[in-house]
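K.L.:
For the sequence shown, this note's numbering gives the first residue as 143, with consecutive numbering after it. The beta-carbon is built from N, C-alpha and C at its ideal position, and this holds for glycine as well. Bear in mind the structure is a predicted one, so any value in this text is a computation, not a measurement.
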Amino acid sequence: MIKNLFAMTAVTFALTTAGGTLFAQSAKFDWKEASEGGYTYKYVTNDPTHSRFYKLKNGLTVILSPTKKEPRIQTYIATKAGSKTDPKDHTGLAHYLEHMLFKGTDKFGSKDWAKEKPLLDQIDALYEKYNGTTDEVQRKEIYKEIDRVSGEAAKFAIANEYDKLMASMGAEGTNAFTSFEQTVYQEQIPSNVMDKYLAVQAERFRYPVLRLFHTELEAVYEEKNISLDKDNRKAVEAMFSAAFPNNNYGKQTTIGTVEHLKNPSLKAIREYFNTYYVPNNMGVIMSGDFDPTEVVKKVDESFAFMQKKEIPAYTFDAEKPILTPVVREIKGPDAEFMLMGFRFPGAATKDARMLNLMSQILTNGSAGLIDLDLVKNQKLLGAGAFPYVLKDYSLLLLQGNPGQGQSLEEVQQLLLQELAKLRKGEFSDDLITAIVNNAKKDEIKQNESYGDRAESLMDAFTSGQDWASVVGYSDELNKITKQDVVDFANKYLNDNNYVVVYKRKGIDNSVVKVVKPEITPVTVNRDDQSDFLKKVEAMAEDKILPVWVNYDKDVQKATANGLPVLAVKNTDNELFSLSYRFDIGKWNNKLLSLAAGYLEFLGTKNKSSEQFSKDFYQLASDFSVSAGNEETMVSISGLNSNFTATLDLIQDLLRNCVSDPEAFKMYIARLKKSRANAKENKGAIMEGLKSYAKYGAKNPFNNVFTDAELDALKAEDLVKALHDLANMKHTMLYFGPLNATEFVAKAKPLKTGSADYVQVKKGLVFTEIPTEKNQVLFANFDMKQAEVFWYRTSGTYASALTPTVSLFNNYFGGGMGSIVFQTIRESKALAYSTYAYYGQPYKKENHYSVGAYIGTQADKFNDAIKGMNELLTVLPESGKGLDIAKVSLQKSIASERVLNASILGSYLAAQRLGNTTDIRKVVYEKAPQLTYGDLSVFHKKEMSQKPYIYCIVAKEDSLKPEDLAKLGEVKKLDLKEIFGY
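Given below as structure tokens:
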């Protein structure tokens, strides 16, 4: 897959005293060297991640960050190569290779390598012949031969054996991604399978075999077509193209051109692997429960076969200064927005770290210039500033979403005005201090997660950042003055040195989709196993014993001011979170969701809305109000030292907020624009279809105010809803350094006065409707793909069914090794993304549901529908697949730890379903006893020969009406029916 283009590479970590309280004090972050167990490593003093940096004899970098919080390990194997180093005549190659490194070697992924290899050699030669042929008739004939030989070769392949190997270890998050200058392979494994993990990874990179290529090529085609339907991706590509005309950041895209995708070269892919997948260009990064001295020795032994090689230097002409705005324009069906970009130096520079600080002054979610001036004052529907840090260059990206009647040029001018304020120093003197405090709080949160630790280390490795500078970032901020920021802004920002991309509404006639080639489904040999897999499975591993949540002991229960308290003590650090949970939601009162949004723009008689935002940010605290269907949450979080001050702030705001007619007028206008934009989002449209399928024409998704009803509302209506909320009974959910008794002593009542609590009025109740006949719910959208979601309502909740449901989902549609993925993607190449599941209800009164999804090219619509319906009708049997599903489920549960605030979430979920104990224990004990016969009976009862509602979002003229009619009664929904306005 392609890495999220807005992922931030700048990361920081915490400075704490022994007691955990944050101080703005200096600490030295110096590189030191030490040795243990025969291996020398480097480390950074005062590094809270305790990371060790090893360089093995063959040049392989190994970075290890141990933490004992739970018995799992996040792993990354990263190569410092991506789309930037793709050959210019084979763009997208690094991404191709990423996909193919899941296909195995001569040792695994093959049931008979001696018979498979000659056929793969033929396929190699055929692709080279195909690439050298321009005559379309001849190309089709060659591809028919590729398809035929590929079918023969597939008879000797074992599809997805890599995923089976990892699943049998209890691995989760099996995936990979490619970006400009990194290709990264990730796993999250139980801590007792390190030997197995390293055996598989070393073999994976020893001699990758490019088998099952033409079906995987089709998956990449699908990924390309998906990207063509994403206006935000097209805007980012236009931005990079204009900002970096001399660098491959702008000259090449990660997924490649349509022309290059149509002409792949296996020879070029192998050359790329041999050039860049060498130890001195790769890193093994891990964070989790392990002994680093033991692990580095195992990594060394596993990867010692790799030989150091010289890596070609990537060279480019320096970008010329931008002297006048560079303007680009793209069109598409999504809502309009504007993107601006300013060029900065690369990741390893101090300027890149200053860029991160400067972006926080513009946007930090609470008190930045853009937050207060444009978002809080509702001058734009949405806006923000984001640093995108890369090795050669960085960008400051600014995005703005216009309000009703605003042009993109007006959005641009508003953002330029904020940059002018930045250059003039027109921001609060204490904003930098507040940013430092918030950064340190975020650092503590980040350091809690071994996943976040590993990702930060991996990004620093691939982008060439000095880890001492990364962990010393907050300390460095303490030394930066307001004048430093002003000088920096004036150095890099002016009214002319940027790129602007206008994303307008319209038809993009330049988009050419990748056309589906004729592909014959291939066999996947589900029950075959290589000797290598058997050998890995036979390797010894220590048993990890599961730990269950004890709701009587792990959740402290108390009463504060006559209301229930559920508390879990934080024994790790000074972070706290507190939520007031009200048994009232949008179904009771449609005003609640509007009121929750309006609160962001309100103050009290004594304090403005802007000052509340600044005060929360100064305390390094957050607050939110969210109204769900049946419950509403008012939440705060931050540092325990600021608990009382944060509590006072939220209570004051909720109790004493006053209406602001002008803010209300702008809020309603913005809401209308936001609602209009939702109609231009295919994801939102699909969610509306799902809700229609589940509940009928009147459903929670369209249970909203009409435009006329919005116009009739008054600001006082929303303020009253908020005041009423403050005077309703609620449950307090606390996680923090205080125990329940200490919390009760500090918990001031939200309700004031002696009046009775406001009673919750009974509202609408939406119930799932039975799925009694096949039906098609169709929504038209201008897109290259067709998206289909199958839905049906099943029975009500029964806890005894949970082991069967858990195992069935793991076996049938839960991952890359599942029946659905293997059949739809690996065998038939019908989709890039596909899944199916039997869904658990939210509470015991609700119903289970069946869901299945395929996103496919419109010209493969019928084949995709047929393929999924076959699986919903007959459950394929795979004895080995079922064994792996059982082992994977059991090992995942055994190594999972429900910790911190998640304990409260687990308890509340159990309460909703009527469970008194941790349901995972039953799954762990019962699921291994189930047979294929049990799953088959379940499948026949719940899925096979049952009516379904097909929710379809596609371009209407891309599908034939008769094809839709074959599925069931067709109902074409207009946007008002879907959205309710």
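I'd like to know whether the C-beta atoms of P1103 and K915 end up nearer to each other than 9 angstroms.
P.N.:
Not in contact: P1103 and K915 (Cβ atoms no closer than 9 angstroms).
K.L.:
So if DSSP puts E929 in a beta bridge, which residue, or which two residues, is it bridged to?
P.N.:
DSSP lists G997, V1095 as partners of E929.
K.L.:
For V1112 and M925, I'd like the C-alpha separation in whole angstroms.
P.N.:
Approximately 20 angstroms between the Cα atoms of the pair.
K.L.:
In the DSSP assignment, find the alpha helix (DSSP H) that holds W173 and state where it starts and stops.
P.N.:
Element bounds for W173: not the alpha helix (DSSP H) but the beta strand (DSSP E), 173-178.
K.L.:
Figure out for me which residue from K871, F908, K890, A220 has the closest Cα to the Cα of A897.
P.N.:
For A897, the nearest C-alpha among the options comes from K871.
K.L.:
Smallest Cα separation from A410: which of A455, V710, T227?
P.N.:
Checking every option, the nearest Cα to that of A410 belongs to T227.
K.L.:
Do V707 and Q698 have their C-beta atoms within less than 9 angstroms of each other?
P.N.:
Contact flag set, yes.
K.L.:
Hey, how far is the Cα of T154 from the Cα of A581?
P.N.:
Residue placement at T154 is flagged as unreliable, the pLDDT there being 33, under the threshold of 50; the coordinate-derived value follows with that caveat. For T154 and A581, the distance between alpha carbons rounds to 7 angstroms.
K.L.:
Could you tell me whether the stretch 983-995 touches the stretch 925-941, using the rule of 3 or more Cβ pairs below 8 angstroms?
P.N.:
Contact between the stretch 983-995 and the stretch 925-941 is present, because at least three Cβ pairs lie under 8 angstroms.
K.L.:
Going by Cα to Cα distance, which pick from E858, F630, Y644, Y272 is closest to M496?
P.N.:
Answer by Cα proximity: F630.
K.L.:
Taking 8 angstroms as the cut-off, does the stretch 830-839 touch the stretch 485-496 (at least 3 CB pairs, one atom from each stretch)?
P.N.:
With a cut-off of 8 angstroms, the stretch 830-839 and the stretch 485-496 do not count as touching, because too few Cβ pairs lie within range.
K.L.:
Quick one, which of K840, N506, S652 has its alpha-carbon nearest F758's?
P.N.:
Out of K840, N506, S652, N506 has the C-alpha closest to the C-alpha of F758.
K.L.:
How long is the line joining the alpha carbons of E560 and I512, rounded to whole angstroms?
P.N.:
Their backbone Cα atoms lie some 7 angstroms apart in a straight line.
K.L.:
Given this structure, state the Cα-to-Cα distance separating T888 from N844, to the nearest angstrom.
P.N.:
Per the sequence shown, the amino acid found at residue 888 is Lys instead of Thr. Cα to Cα, K888 sits roughly 41 angstroms from N844.
K.L.:
Between A973, V641, H865, P983, which has its C-alpha nearest T1126's C-alpha?
P.N.:
The chain is shown from 143 up to 1123; residue 1126 falls before or after that span and cannot be answered.
K.L.:
Where do the ends of the beta strand (DSSP E) carrying M424 lie?
P.N.:
Its beta strand (DSSP E) spans residues 424-430.
K.L.:
Taking N841 as the reference, give the member of L1072, K862, I1120, P190 with the closest Cα.
P.N.:
Looking at the Cα atoms, I1120 is the closest of the given residues.
K.L.:
Kindly indicate the opening and closing residues of the alpha helix (DSSP H) around V441.
P.N.:
Its alpha helix (DSSP H) spans residues 434-445.
K.L.:
Give the DSSP-derived three-state secondary structure of M874 in the structure shown.
P.N.:
Of the three classes helix, strand and coil, the one that applies to M874 here is strand, per DSSP.
K.L.:
Residues in the same chain with beta-carbon distance under 7 angstroms from S1034, minus the five sequence neighbours each way, listed in chain order, please.
P.N.:
Hits under 7 angstroms: G312, E314.
K.L.:
State the Cα-Cα distance for the pair Y99 and L243, rounded to the nearest angstrom.
P.N.:
With the chain covering only 143 through 1123, there is no way to say anything about residue 99.
K.L.:
From the DSSP output, read off the bridge partner residues of D764.
P.N.:
S779, per the DSSP bridge assignment.
K.L.:
Taking 9 angstroms as the cut-off, decide whether the C-beta atoms of I397 and L499 are in contact.
P.N.:
Their beta carbons are not under 9 angstroms apart, which means I397 does not touch L499 by this criterion.
K.L.:
Give the range of the alpha helix (DSSP H) segment to which M828 is assigned.
P.N.:
Where M828 is concerned, the enclosing alpha helix (DSSP H) stretches over 824-837.
K.L.:
Just to confirm the assignment: which complete alpha helix (DSSP H) runs, minimum length 4, are found wholly within the stretch 1063-1107?
P.N.:
Listed in chain order, the complete alpha helix (DSSP H) runs (minimum 4 residues) inside the stretch 1063-1107 are 1074-1084, 1103-1107.
K.L.:
Considering only their Cβ atoms, is the gap separating S763 from T746 smaller than 9 angstroms?
P.N.:
No, these two residues do not count as a Cβ contact at 9 angstroms.
K.L.:
What does the Cβ neighbour count give for P208, buried or exposed, with the cut at 16 atoms within 10 Å?
P.N.:
With 16 or more other Cβ atoms within 10 Å, it is buried.
K.L.:
One question on the structure: do L504 and L556 come within less than 9 angstroms of each other, judged by their Cβ atoms?
P.N.:
Their beta carbons are not under 9 angstroms apart, which means L504 does not touch L556 by this criterion.
K.L.:
Check whether the stretch 247-257 and the stretch 288-304 touch, using three or more Cβ-Cβ pairs below 8 angstroms as the test.
P.N.:
Touching, yes.
K.L.:
Out of I911, Y974, S991, which one is the CA nearest neighbour of Y933?
P.N.:
Among I911, Y974, S991, the Cα nearest to that of Y933 is on S991.
K.L.:
Please work out which residues of its chain come closer than 7 angstroms, Cβ to Cβ, to M958, disregarding the five sequence neighbours upstream and downstream, and give them in chain order.
P.N.:
Excluding sequence neighbours, M958 sits near N302, D305, T316.
K.L.:
Have a look at T701 and T873 and give me their C-alpha separation to the nearest angstrom.
P.N.:
Cα to Cα, T701 sits roughly 9 angstroms from T873.
K.L.:
Let me know the secondary structure DSSP gives Q264 once reduced to three states.
P.N.:
The answer is helix: DSSP assigns Q264 an H, G or I state.
K.L.:
Among T435, K197, K462, which one has its Cα closest to the Cα of P387?
P.N.:
For the residues T435, K197, K462, the minimum Cα distance to P387 belongs to K462.
K.L.:
Ordered along the chain, which non-local residues of its own chain (more than five positions away) have a Cβ less than 7 angstroms from that of E1019?
P.N.:
Around E1019: Y1074.
K.L.:
If I follow the unbroken alpha helix (DSSP H) through L736, where does it start and stop?
P.N.:
Residues 733-740.
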